[in-house]
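Colleague: The sequence shown lines up with residues 1 to 39 when you count with UniProt numbering. Encoded as C-alpha coordinates, here's the structure I'll be asking about.
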Amino acid sequence: ASIKQCCLQLKSKIVKKIQARERQERKRNLFRQVLLAFS
1 ASIKQCCLQL KSKIVKKIQA RERQERKRNL FRQVLLAFS
(Lines of atoms letter the chains of each structure in order from A and count residues from 1; the text may use other names and numbers.)
(Lines give C-alpha, C1' and ligand atoms only; values in the text may rest on other atoms or scores of the structure.)
Protein backbone atom coordinates (compact mmCIF):
# COMPACT_ATOMS: atom_id res chain seq x y z
CA ALA A 1 0.00 0.00 0.00
CA SER A 2 2.79 2.42 0.92
CA ILE A 3 4.58 1.69 -2.37
CA LYS A 4 1.34 2.37 -4.24
CA GLN A 5 0.95 5.69 -2.42
CA CYS A 6 4.54 6.62 -3.23
CA CYS A 7 3.95 5.84 -6.91
CA LEU A 8 0.81 7.96 -6.94
CA GLN A 9 2.63 10.91 -5.38
CA LEU A 10 5.46 10.57 -7.88
CA LYS A 11 2.98 10.36 -10.75
CA SER A 12 1.11 13.49 -9.64
CA LYS A 13 4.42 15.33 -9.22
CA ILE A 14 5.45 14.40 -12.77
CA VAL A 15 2.04 15.38 -14.15
CA LYS A 16 2.25 18.78 -12.43
CA LYS A 17 5.74 19.31 -13.85
CA ILE A 18 4.53 18.45 -17.37
CA GLN A 19 1.49 20.74 -17.03
CA ALA A 20 3.69 23.60 -15.82
CA ARG A 21 6.02 23.09 -18.79
CA GLU A 22 3.07 23.05 -21.21
CA ARG A 23 1.71 26.25 -19.69
CA GLN A 24 5.14 27.86 -20.07
CA GLU A 25 5.31 26.75 -23.72
CA ARG A 26 1.82 28.09 -24.42
CA LYS A 27 2.77 31.44 -22.88
CA ARG A 28 5.93 31.59 -24.98
CA ASN A 29 4.02 30.70 -28.16
CA LEU A 30 1.40 33.34 -27.44
CA PHE A 31 4.14 35.93 -26.89
CA ARG A 32 5.78 34.94 -30.19
CA GLN A 33 2.45 35.24 -32.04
CA VAL A 34 1.89 38.70 -30.58
CA LEU A 35 5.38 39.78 -31.67
CA LEU A 36 4.78 38.43 -35.18
CA ALA A 37 1.42 40.19 -35.35
CA PHE A 38 2.97 43.55 -34.46
CA SER A 39 6.12 43.25 -36.57
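Quick reminder that beta carbons are idealized off the backbone N, C-alpha and C, glycines included. None of the values given here were measured: they were computed from a predicted structure.
Taking only the alpha-carbon atoms, compute the straight-line gap between Q9 and L36 and give it to the nearest angstrom.
Modeller: The residue you call residue 9 lines up with position 9 of the sequence shown. The residue you call residue 36 lines up with position 36 of the sequence shown. Their Cα atoms are separated by approximately 41 Å.
Colleague: Would you tell me roughly how many angstroms separate the C-alpha atoms of R21 and V34, rounded to the nearest one?
Modeller: Counting from 1 along the sequence shown, the entry for residue 21 is found at position 21. Counting from 1 along the sequence shown, the entry for residue 34 is found at position 34. For R21 and V34, the distance between alpha carbons rounds to 20 Å.
Colleague: Alpha carbon to alpha carbon, what distance is there between F38 and K13?
Modeller: Counted from its first residue, the sequence shown places residue 13 at position 13. Counted from its first residue, the sequence shown places residue 38 at position 38. Their Cα atoms are separated by approximately 38 Å.
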